[in-house]
Structures are given as structure tokens and as C-alpha cells.
RNA sequence: UCCUCAGUAGCUCAGUUGGUUAGAGCAUCUGACUGUUAAUCAGAGGGUCGUUGGUUCGAGUCCAACCUGGGGAGCCA
């Protein structure tokens, strides 16, 4: 029985200087090439985008083992770490012993050495992690998720887990997925003939959450600063490269923050996420820059370095009206900005990230703090190049009467929201918050143009495979 | 959901005004090569042309519906 040497990750071996030492590495074969006598295996274990080159003197190994080493197979290799004689890598391993953990039949294994389209890889999402691209994307996604927690933790925010099953559809943030255990063929009915949700698991109609904001506000009015970071669900029939039915959203909520504090936080937060990722995932970002988007790194640095433009909705309307630009949708004070308008402001007019504030109250949610002009509310949208709105937020209406008034105006059922109103009755405070779609941020940082390529297993209309 | 483009070998694509037996590159397999870098060179195998129906002597090609995917729009994060 051979004495087992501890396995070392490729990432660590590539910078190792322990030449001449016996090492142990495990991973998946990207390519095998060579002649009858000598072979080269590119081995990747996901720890880094780069591969470890394994040099094999074929005559020293039995033919059966060598035959099993094909693209996609999984190996455990022991050998000597040496300085590479070839160009393209600094170190390599001269194999002494190879164990094949898992074969990958070349006739049926769908991944080749050559590049594949992202569309094809989406159909084999269970295997696409093994490509350079998706390895890079999901390592970057991790780095960004970690950066989110680090940022808020360092600032004294508490990570709050808001419910995934909810009974309030108060925000009106979109169509919801119903959660029910009722017999779908023969549900209990009320005397009026409607489905009787009193008989359902929770005794009322429940859905998957579309936002954790309302609950986060409750916590903020006690813990001061909290944030959520969790799955969010929208049953909208949206078929675009920017929408998912299941996505991850980040929602900080802060007591004693006004709209300006809120903007400061949003800008600082976005810049931190980008710069942290630039610093901690340089190899992956460089790869994505080279393969998919030649201006990616430049754009990321630009976001970090340049101050965001801050202006208000009314000013934006003026600019758009005076713009020498043909828009498909008309620009009128009171109507919401369309994607074309947002992109014009960001990409053509200011050529900067933009924060717009003070939108007309009728195009925004009921909970936003009303300005004294009676027409606008203290909303803020952060607009990014390519993506448009990446953050939507506001100062919240903390005044009980004004909030109640708005709820009544919009005929929102108060009975579902008694708790939300009650925190305005007891020790209310000015407070603010915003929401960020995590995948959209990952899109921005990785340069991936389709949101389905930045979440491991995308859920979209008519698609829930894997 | 609307508009638009596409679906041909495992992958990426070509296929003329409708006309004999549907092609290429890569991948795969076999062979050659003692240091390769998406290795190279030679040969071989590989197809219900998305599905169904229609027009026609004849359909990969024309028409219709549907399915799947891309892009744009709406909804939104």
C-alpha cells in the first residue's frame, strides 16, 4: 500500500517552488495531447482558471489507464513537481502514478476542447461548470457574494433572513408564485364557489416572496442597519436576457438614513463590490475580458473611479425633451422612463453612472416618502451602462398618516399590512433602503450578456431543468 | 405577451431560381510522430435537414401551425 500524500490544489501548486518534490493533485482532464512516447494532460480542479500540465511518459504506464484518460475524465495524479521545459506554464508534474476516478466516454461526453456557444452550454448546465467560462463566472459570483457580506458586516449591518413564504402582496412588485398544499384537482371551496384558502396549510393564501423589504424595515427600526440577501421570485412572463423567475436580491434597510445617506451608501456599496472583485478575481476577470468583452476591465475601473452623477427626475425629463434623439416612447413628465431613456442618459448624455431622484409619486411604490410638493417622492434609481436600472430605492414614508393616506388612495388592503403601519405608530424614525438584483450585478461585473449565464440553474418561463 | 431572426452530423456552420447519392471545419475512431500548448499530418465512420400538415412529378429549399433558442420591446431587479 502506497503512502498517500496530501492532495494540493492546482492554484497552490502553480505558485509552488517545491521543485523535485513528490506532489498529489486531483482534477478533470481538459485536453490530452502528445505522441506515442510522451503525453501532456491539462488538468483542472476548479481552484483557479489555469490548468496543471501533467507530463506522462506513456511507456511507463499500462495502456488501459492511458486509454481512459480522455477529455472530461477525472484523475488522481502523483508525481514530481518540476520547472516546465515547455513554454506556456512555469511548473508541471511528471506523473509517477495515475488513478482514473471517473472515465468520460469521448463518443458521448458533450464538451470538446473547442469553444461552445453559451446557448449550447445552457442546455448542459450540469456540465458547464467544467468550462473555463463558467468556472470563471461562478468563482466571480462567489467573490461578489462574499464581498456583499463583508461590506455590510464591516459597516455594522446585520444580515437578516426574511421569510420566503409570505402572505402579503402589498408591494405589488409583480406576479407571485402561489404556495399551497390543497388538492389541485378538487380544492375545498367557499360558499361563493372560490378556493377556500382557510383550509390551506397556513390558513390563508400564501406566495413566494417578491421582496424582503417590508420585513427588513421592521428590523431596521430596532437594529438600525440590516440587509437581506436571499432568493426572490417573480412569476412574470418575462423573456429577456435580464430576467429570471428565481433570483437573488440584496436589500439593505437603514434607520436614520435620509435619501442622501441612501445614495451615498448605494454608490459606495457598488464601488466596493466592483473593486473587491477586481482585486480578488483578477485571473477570471481577465479571461472574461479577453473572451467576451474587451472593454470589461476598463468599464469596471471606470465605475470605481468616477463619481456617479446625481440629478432628479424632472431634470432628466428636461434633458430628454431637449435631446436631439428619436425615442420610440414619448417623454412626458409623469410617465416612467423607458430603457431607451435610461440608456441615453447614462451612455450618451452623462457617460457616467447616474442616480435619479424625486420621481412622480404615481409611478412609484406606496411606501416611498412623499415630498412636500405633493407630486414627487424621495425615490432613487441607480442607472448603469448596458443594464439600465441596477438599484431601486427610496427614503421610506415614516409618517403614519401620510402612509395610511397613500395606502387608502391606492386601495391596498390595510388588513394585510397592519404590522407595517404599526411600526410607524410606535417610535417611528426616518429610514431608507434599496434593492439590488444580484444577478444583474454579476452580469455587469462578468460582462455576460445573458442573465441565464450568471446563475447556476436558471429558472425562466417554461424552463426549470436541473 | 408582442416584434424579429434562426433551427441541417456530437459542436459551429455552408447548401444557388425547388431537381440525381446533403457538404466543410472541429470533435470522435484508426495510423504516424520523444516536449505538446485549441499540437501537427494521413485515413475512416457519422444525417428522420426541429415537429406535424400542406403545395408540387419532385421539398433541406415554398406555405401554415406548433415546439425550441437568440436579439429587441413590455413588465421589472
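Residue numbers (the working numbering): 428 to 893.
Just so you know, even glycine gets a beta-carbon here, dropped at the ideal spot from N, CA and C.
**Item:** One or two residues paired with residue 675 in a DSSP bridge
**Value:** 658
**Item:** Cα-Cα separation between residue 878 and residue 826, rounded to whole angstroms
**Value:** 38 Å
**Prompt:** Where does residue 906 sit, in a helix, a strand or coil, going by DSSP?
**Reply:** No answer is possible for residue 906: it lies beyond the span of the chain, which begins at 428 and ends at 893.
**Request:** Could you check the C-alpha separation between residue 461 and residue 820 for me, to the nearest Å?
**Result:** 58 Å
**Asked** Can you tell me the Cα-Cα spacing of residue 798 and residue 791, whole angstroms?
**Response** 13 Å
**Request:** Taking 7 Å as the cut-off, decide whether the C-beta atoms of residue 493 and residue 520 are in contact.
**Result:** no
**Prompt:** Does DSSP put residue 455 in a helix, a strand or coil?
**Reply:** strand
**Item:** Cβ pair residue 659, residue 681 closer than 7 Å
**Value:** no
**Message:** Looking only at its chain, what residues have a beta carbon closer than 6 Å to the beta carbon of residue 716, apart from the 5 residues adjacent to it on each side?
**Reply:** 723 and 724
**Prompt:** Looking at C-beta atoms only, is the number of pairs between the region 558–567 and the region 609–623 that lie closer than 8 Å three or more?
**Reply:** no
**Residues near residue 694 by beta carbon distance below 6 Å, same chain, minus five either side** = 735
**Asked** How about residue 639 and residue 678: are their beta carbons less than 7 Å apart?
**Response** yes
**Message:** If we require 3 or more residues per run, which beta strand (DSSP E) segments fall completely within the region 620–646?
**Reply:** 633–635
**Asked** At what residues does the beta strand (DSSP E) containing residue 431 begin and finish?
**Response** Neither: residue 431 is in no beta strand (DSSP E) and is coded neither H nor E.
**Request:** Taking only the alpha-carbon atoms, compute the straight-line gap between residue 892 and residue 637 and give it to the nearest angstrom.
**Result:** 22 Å
**Asked** For residue 818 versus residue 861, is the C-beta spacing smaller than 7 Å?
**Response** yes
**Message:** Quick check: the Cα distance between residue 835 and residue 656, rounded to an integer number of angstroms?
**Reply:** 31 Å
**Asked** Count the other CB atoms within 10 Å of the CB of residue 455; is the residue buried (16 or more) or exposed (fewer)?
**Response** buried
**Message:** I need the straight-line Cα distance from residue 624 to residue 607, nearest angstrom please.
**Reply:** 9 Å
**Item:** Separation of residue 731 from residue 701, as counted between CA atoms
**Value:** 7 Å
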